[in-house]
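J.: Residue 475, in UniProt numbering, is where the sequence shown stops; the numbers in between run on with no holes. I have a structure here, written as C-alpha cells, and I will follow up with some questions on it.
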Amino acid sequence: MASFSSIGVGLGGNVDVNALIKASVDAVKLPITRPNGLNYQAKLAETKISTFGQLKSLVSTLQTAASKLSSITGWNAVQASSSDDKSVSATAVGGTVETTFSVTVQQLARAQVSTSDGLPAGQAVGAGTLTLQVGRWNGGNFTEGGTPALEVSVGAGDTLADIAGKINGAGAAVTATILTDADGQRLMLRSKATGEEAGFQLSVTDTDGDPGAGLSRLAAGLSTDPGAGAAADALAQINGQFNVRSATNTFENAVAGVTFKAEKVSSAPVELSVTKNSSAVQKNIEDFVLAYNAVNQALNDLTKFDKGTGQGGLLQGDSTVVGLQNSLRNVVESLSSSTGPFQRLSDIGLGKIQGGDLSIDSTKLSEALKNPDALKALFIGADGLSTTEDGVGEKIKAATSKLLSAEGFFAYKDAQLKDVLKRNADEIKRVNARADSTEALLSARYTALDSQMSKLNALNAYIAQQVTTWNNNKG
Numbered sequence: 001m002a003s004f005s006s007i008g009v010g011l012g013g014n015v016d017v018n019a020l021i022k023a024s025v026d027a028v029k030l031p032i033t034r035p036n037g038l039n040y041q042a043k044l045a046e047t048k049i050s051t052f053g054q055l056k057s058l059v060s061t062l063q064t065a066a067s068k069l070s071s072i073t074g075w076n077a078v079q080a081s082s083s084d085d086k087s088v089s090a091t092a093v094g095g096t097v098e099t100t101f102s103v104t105v106q107q108l109a110r111a112q113v114s115t116s117d118g119l120p121a122g123q124a125v126g127a128g129t130l131t132l133q134v135g136r137w138n139g140g141n142f143t144e145g146g147t148p149a150l151e152v153s154v155g156a157g158d159t160l161a162d163i164a165g166k167i168n169g170a171g172a173a174v175t176a177t178i179l180t181d182a183d184g185q186r187l188m189l190r191s192k193a194t195g196e197e198a199g200f201q202l203s204v205t206d207t208d209g210d211p212g213a214g215l216s217r218l219a220a221g222l223s224t225d226p227g228a229g230a231a232a233d234a235l236a237q238i239n240g241q242f243n244v245r246s247a248t249n250t251f252e253n254a255v256a257g258v259t260f261k262a263e264k265v266s267s268a269p270v271e272l273s274v275t276k277n278s279s280a281v282q283k284n285i286e287d288f289v290l291a292y293n294a295v296n297q298a299l300n301d302l303t304k305f306d307k308g309t310g311q312g313g314l315l316q317g318d319s320t321v322v323g324l325q326n327s328l329r330n331v332v333e334s335l336s337s338s339t340g341p342f343q344r345l346s347d348i349g350l351g352k353i354q355g356g357d358l359s360i361d362s363t364k365l366s367e368a369l370k371n372p373d374a375l376k377a378l379f380i381g382a383d384g385l386s387t388t389e390d391g392v393g394e395k396i397k398a399a400t401s402k403l404l405s406a407e408g409f410f411a412y413k414d415a416q417l418k419d420v421l422k423r424n425a426d427e428i429k430r431v432n433a434r435a436d437s438t439e440a441l442l443s444a445r446y447t448a449l450d451s452q453m454s455k456l457n458a459l460n461a462y463i464a465q466q467v468t469t470w471n472n473n474k475g
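What follows is the structure, encoded as C-alpha cells:
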C-alpha cells in the first residue's frame with residue numbers, strides 16, 4: 001500500500017491516515033487472509049494434490065505386485081543349481097522344464113596371442129604398411145573371416161611403441177602391447193574376442209623390399225600359425241555323450257531355457273539342475289502384502305479422527321477416499337474361481353488384522369507353497385489364464401488398473417483439485433482488485449479532505465489575526 005505521510009497536515013497531524021486506509025484495505029482482504037481463507041484453501045488444495053500423488057505411487061506399487069501374482073510368468077519362476085559352481089555356473093529362464101543334466105568342461109575359450117621376434121628397444125622399425133586380417137587358423141592354414149582387413153601405416157621413424165599406439169588407436173580387433181626381455185622389445189597382439197573365429201594374421205608390406213630387414217621383421221611370429229597361442233572355442237560335453245562348443249565360455253542354446261558358463265576345466269562331470277523356484281513365488285506374495293499394507297496404512301492415517309485432540313487426517317471426511325479403501329479391502333477379501341483348497345487369501349495364511357492390514361502366517365504359507373498349482377489357481381483362477389479376472393490376483397490388478405487409468409480415481413481427484421486451485425486464484429485476483437480500488441478511493445478522499453481542512457485552517461488563522469488586530473486598534 002502506498003504511504004500517505006504528507007496527509008494529515010490539514011487534519012491537525014493527529015489523524016493516522018495510513019492506518020485508517022490499511023485497516024479498510026485489510027478488511028476487504030479478509031476473504032484471503034483469514035484463518036480459513038483463500039490462501040489457506042490454496043495451500044490445502046496443493047497439499048492434497050501432493051498427497052494423492054503419493055497415494056497413486058503406492059497403488060501403482062500394489063498394481064505391480066498384483067501383476068506378478070496374476071501373470072503366467074510370475075508362476076513359472078525356476079532356479080538353476082550346480083554341484084560345482086566353481087567349474088560350471090548356470091541360470092534358467094522362467095517356464096523352463098524341470099530337468100537335470102551333467103556337463104564336463106573340456107576346454108575354455110581362448111583369444112589368440114601372438115608375439116613378434118625381439119627388436120632393439122626404442123629404435124625405429126622401418127616404414128611400410130601392416131595389414132591385420134581376422135579369421136581362423138586350421139592346421140597352419142589361415143582362412144579370412146568376413147571382417148574387412150585393417151591397414152596401419154608405419155613411418156620410417158616409428159618405434160614398436162609408436163606402432164602399438166597406432167594399432168590400438170585404429171580400433172583394431174586386437175590389443176597391442178610391448179614386451180621387454182633380454183632380446184629387446186617385442187610386439188604382442190591379443191585378440192579382443194575369444195573363439196576360433198577370433199584368430200588373426202598380420203602381414204607386412206615393407207618399403208625397403210628386404211624381407212629380412214625393416215618392418216618385415218615383425219612378420220615372424222605375427223603372420224604364421226600361432227600354435228599354442230591360437231584362439232579356441234570352449235568345449236563341453238553334456239551327459240557324457242553330446243559335444244557342444246561356444247566362442248565364449250557361455251553356452252546359451254545347448255539346453256533349452258538354460259544358460260551355463262564354463263568357469264574352468266572340470267575333472268569330473270558337474271550336475272546342473274533346474275527346479276521350481278518357490279522362494280520367488282513366496283517373495284512375490286510377501287511383496288504384495290507389503291504393498292497392500294502400505295496403501296491401507298496411508299489411507300488409515302489420512303482418514304482418521306483423533307477424539308483426544310479433535311484433529312482429523314488430511315482427507316478425513318472425504319467419502320471418495322473411504323470408498324477407495326473399502327473397494328480395495330473388498331477385492332482382497334474376494335473369492336477366487338479356484339475349485340481347489342485355496343479360495344481366499346486367508347486359506348494360505350494371509351489374514352486381516354486390526355486396521356485392515358494383512359498379516360502372514362508363515363507356517364500356513366509354507367504349507368501352501370508345497371501345492372503350487374492350487375496356489376497359482378487362487379491368484380489366477382481355475383482356468384489358469386491371466387486374461388480373465390476370476391483369480392484374486394487378477395481382481396486386485398484390475399481394480400488398481402482402473403484406479404490408475406486416465407479416467408480413474410486419481411485422474412479425477414487431480415483434475416478436481418486443480419480446478420479448485422484455478423477458481424481460488426481467480427477469486428484472490430478479484431478480492432485484490434477490490435482492495436486496490438478501495439485503497440485508491442480512500443486515499444483520494446483523505447487527500448481531498450486534507451486539502452479542504454488546510455484551507456479552513458488557513459481561513460481560521462486569518463480571521464483570528466483580523467480579530468486580534470481589530471481588538472488592538474479598538475483599545
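Don't be surprised by glycine CBs; every beta carbon is placed ideally from N, CA and C.
Pick from Gly74, Ala90 and Ser203: whose alpha carbon is nearest that of Leu132?
T.: Here residue 132 corresponds to residue number 132 of the sequence shown, with the count starting at 1. The shortest Cα separation from Leu132 among Gly74, Ala90 and Ser203 belongs to Ser203.
J.: How about Glu271 and Thr104: do their beta carbons lie closer than 8 Å?
T.: Taking the sequence shown and counting its residues from 1, the one referred to as residue 271 is at position 271. Taking the sequence shown and counting its residues from 1, the one referred to as residue 104 is at position 104. No; because the gap between Cβ atoms is not below 8 Å, this pair is not in contact.
J.: Taking Arg34 as the reference, which of Val431, Gln185 and Gly393 has the closest Cα?
T.: The residue labelled residue 34 in the question sits at position 34 within the sequence shown. The candidate whose alpha carbon is nearest that of Arg34 is Val431.
J.: With a cut-off of 8 Å, do at least 3 Cβ pairs link the stretch 329-343 to the stretch 277-291?
T.: No: fewer than three Cβ pairs fall under 8 Å.
J.: Compute the Euclidean distance between the alpha carbons of Glu144 and Asn371, then round it to the nearest angstrom.
T.: In the sequence shown, residue 144 corresponds to position 144, counting from 1. In the sequence shown, residue 371 corresponds to position 371, counting from 1. In a straight line, the C-alpha of Glu144 is about 57 Å away from that of Asn371.
J.: Pick helix, strand or coil for Ser114, following the three-state DSSP scheme.
T.: As a working mapping, residue 114 is identified with position 114 in the sequence shown. Residue state, collapsed to three classes: strand.
J.: Classify Ile353: buried if its beta carbon has 16 or more other beta carbons within 10 angstroms, exposed otherwise.
T.: Here residue 353 corresponds to residue number 353 of the sequence shown, with the count starting at 1. The residue in question, Ile353, is exposed, as its Cβ has fewer than 16 Cβ neighbours within 10 Å.
J.: Out of curiosity, what's the CA-to-CA distance linking Ala254 and Val244?
T.: The sequence position of residue 254 within the sequence shown is 254, counting from 1. The sequence position of residue 244 within the sequence shown is 244, counting from 1. Ala254 and Val244: Cα-Cα distance of roughly 7 Å.
J.: So which of Lys304, Gly356 and Asp347 has the shortest CA-CA distance to Lys364?
T.: Counted from its first residue, the sequence shown places residue 364 at position 364. Here the closest residue by C-alpha is Asp347.
J.: For my contact list, Asp361 and Asn296 are in at a C-beta cut-off of 8 Å; report their separation, rounded to the angstrom.
T.: As a first step, residue 361 must be located in the sequence shown, where it is residue number 361. As a first step, residue 296 must be located in the sequence shown, where it is residue number 296. About 18 Å; that fails the 8 Å criterion.
J.: Do you know offhand how far Leu189's Cα is from Gln106's?
T.: The residue you call residue 189 lines up with position 189 of the sequence shown. The residue you call residue 106 lines up with position 106 of the sequence shown. One C-alpha to the other measures close to 26 Å.
J.: Between Gly214 and the rest of its own chain, which residues show a CB-CB distance below 6 Å, the 5 nearest in sequence each way excluded?
T.: Reading the sequence shown from its first residue, position 214 is the one you call residue 214. So the qualifying residues of the chain are Gly126, Asp206 and Asp208.
J.: Determine the contact status of Ile96 and Val274, defining contact as a CB-CB distance below 8 Å.
T.: Position 96 of the sequence shown, counted from the first residue, corresponds to residue 96. Position 274 of the sequence shown, counted from the first residue, corresponds to residue 274. For clarity, residue 96 is Thr in the given sequence; the question names Ile instead. A contact, by the Cβ cut-off of 8 Å.
J.: Does the pairing of the stretch 148-157 with the stretch 109-120 give three or more beta-carbon distances under 8 Å?
T.: Touching, no, given that fewer than three Cβ pairs across the two stretches are closer than 8 Å.
J.: Taking the straight line between their C-alpha atoms, what separation do you get for Tyr462 and Thr468?
T.: Locating residue 462 in the sequence shown gives position 462, where the first residue counts as 1. Locating residue 468 in the sequence shown gives position 468, where the first residue counts as 1. If I take the Cα positions, the gap works out to 10 Å.
J.: With DSSP collapsed to three states, give me the class of Ser267.
T.: The residue you call residue 267 lines up with position 267 of the sequence shown. Coil, per DSSP.
J.: Which of helix, strand or coil does DSSP assign to Glu98?
T.: What you label residue 98 is simply residue 98 of the sequence shown in a count that begins at 1. Residue state, collapsed to three classes: coil.
J.: Below 8 Å between beta carbons: does that hold for Ala80 and Val258?
T.: To locate residue 80, count along the sequence shown from 1; it is residue 80. To locate residue 258, count along the sequence shown from 1; it is residue 258. Cβ atoms of Ala80 and Val258: closer than 8 Å.
J.: Measuring only the C-alpha atoms, how far is Ala458 from Ala435?
T.: Looking up residue 458 in the sequence shown gives position 458. Looking up residue 435 in the sequence shown gives position 435. Cα to Cα, the separation comes out at about 34 Å.
J.: Just the C-alpha distance for Glu367 and Ala236, rounded to the nearest angstrom, thanks.
T.: The residue given as residue 367 occupies position 367 in the sequence shown. The residue given as residue 236 occupies position 236 in the sequence shown. Whole-angstrom Cα-Cα distance: 40 Å.
J.: Compare the C-alpha of Val93 against each of Asn277, Ala231, Ala23 and Ser70 and name the closest.
T.: Residue numbering aside, residue 93 sits at position 93 when the sequence shown is read from its first letter. Out of Asn277, Ala231, Ala23 and Ser70, Asn277 has the C-alpha closest to the C-alpha of Val93.
J.: Roughly how many whole angstroms lie between the Cα atoms of Asn168 and Glu407?
T.: As a first step, residue 168 must be located in the sequence shown, where it is residue number 168. As a first step, residue 407 must be located in the sequence shown, where it is residue number 407. Asn168 and Glu407: Cα-Cα distance of roughly 58 Å.
J.: Near Gln63, which residues of its chain fall below 7 Å by C-beta distance, leaving aside the five closest residues on each side in sequence?
T.: By one-based count along the sequence shown, residue 63 stands at place 63. Around Gln63: Lys397, Thr400, Ser401 and Leu404.
J.: Leaving out the 5 sequence neighbours to the left and right, which residues in its chain are closer than 6 Å to Leu315 when beta-carbon positions are compared?
T.: On the sequence shown, position 315 is the one that residue 315 refers to. Leu302, Thr303 and Val321.
J.: To the nearest angstrom, how far is it from the Cα of Leu417 to the Cα of Ile72?
T.: The residue labelled residue 417 in the question sits at position 417 within the sequence shown. The residue labelled residue 72 in the question sits at position 72 within the sequence shown. Going by the C-alpha atoms only, they are around 39 Å apart.
J.: With distances taken Cα to Cα, identify the nearest neighbour of Ala156 among Ala124, Gly165 and Gly140.
T.: Taking the sequence shown and counting its residues from 1, one reaches residue 156 at position 156. Measuring from the Cα of Ala156, the nearest candidate turns out to be Ala124.
J.: Report the start-end ranges of each beta strand (DSSP E) in the stretch 350-433 that is 3 residues or longer and not cut off at the edges.
T.: For the stretch 350-433, whole beta strand (DSSP E) runs of length 3 or above, ordered along the chain, are 350-352 and 358-360.
J.: Verify whether the separation of the beta carbon atoms of Ala247 and Ala66 is less than 8 Å.
T.: Stepping through the sequence shown from its first residue, residue 247 is reached at position 247. Stepping through the sequence shown from its first residue, residue 66 is reached at position 66. Their beta carbons are not under 8 Å apart, which means Ala247 does not touch Ala66 by this criterion.
J.: So, at 7 Å on beta carbons, what are the nonlocal neighbours of Ser70 in its own chain, with the 5 sequence-adjacent residues on each side left out?
T.: Along the sequence shown, read from residue 1 onward, the residue named residue 70 stands at position 70. Contacts found: Phe379, Ile380, Ser386, Gly391, Gly393, Glu394 and Lys397.
J.: Under a Cβ-count criterion, where at least 16 other Cβ atoms within 10 Å of its own Cβ denotes burial, should Asp158 be classed as buried or exposed?
T.: Position 158 of the sequence shown, counted from the first residue, corresponds to residue 158. Buried: at least 16 other Cβ atoms inside 10 Å.
J.: Tell me which residues share the same chain as Val289 and place their Cβ nearer than 7 Å to its Cβ, disregarding the 5 neighbours each side in the sequence.
T.: Within the sequence shown, the letter at position 289 stands for residue 289. Only Leu350, Leu358 and Ile360 meet the Cβ criterion.
J.: What's the C-alpha gap between Ser24 and Thr447?
T.: Position 24 of the sequence shown, counted from the start, is the residue given in the question as residue 24. Position 447 of the sequence shown, counted from the start, is the residue given in the question as residue 447. Distance between the alpha carbons of Ser24 and Thr447 is about 16 Å.
J.: Out of Ala256, Leu442, Asp233 and Gly74, state which residue places its alpha-carbon closest to the alpha-carbon of Asp373.
T.: Here residue 373 refers to the residue found at position 373 when the sequence shown is read from its first residue. Comparing Cα positions, the closest option is Gly74.
J.: According to DSSP, is Asn239 part of a helix, a strand, or is it coil?
T.: Looking up residue 239 in the sequence shown gives position 239. Asn239 falls in the coil class under three-state DSSP.
J.: On a CA-only basis, which of Gly312, Ala382, Asp450 and Ala268 is nearest Gly240? Give me that one, please.
T.: The count along the sequence shown starts at 1 and reaches residue 240 at position 240. For the residues Gly312, Ala382, Asp450 and Ala268, the minimum Cα distance to Gly240 belongs to Ala268.
J.: Go through its chain and collect everything with a Cβ distance to Gln325's Cβ below 6 Å, but skip five positions before and after it.
T.: Position 325 of the sequence shown holds residue 325. Closer than 6 Å at the Cβ level, and outside the excluded window around Gln325, lie Leu299.
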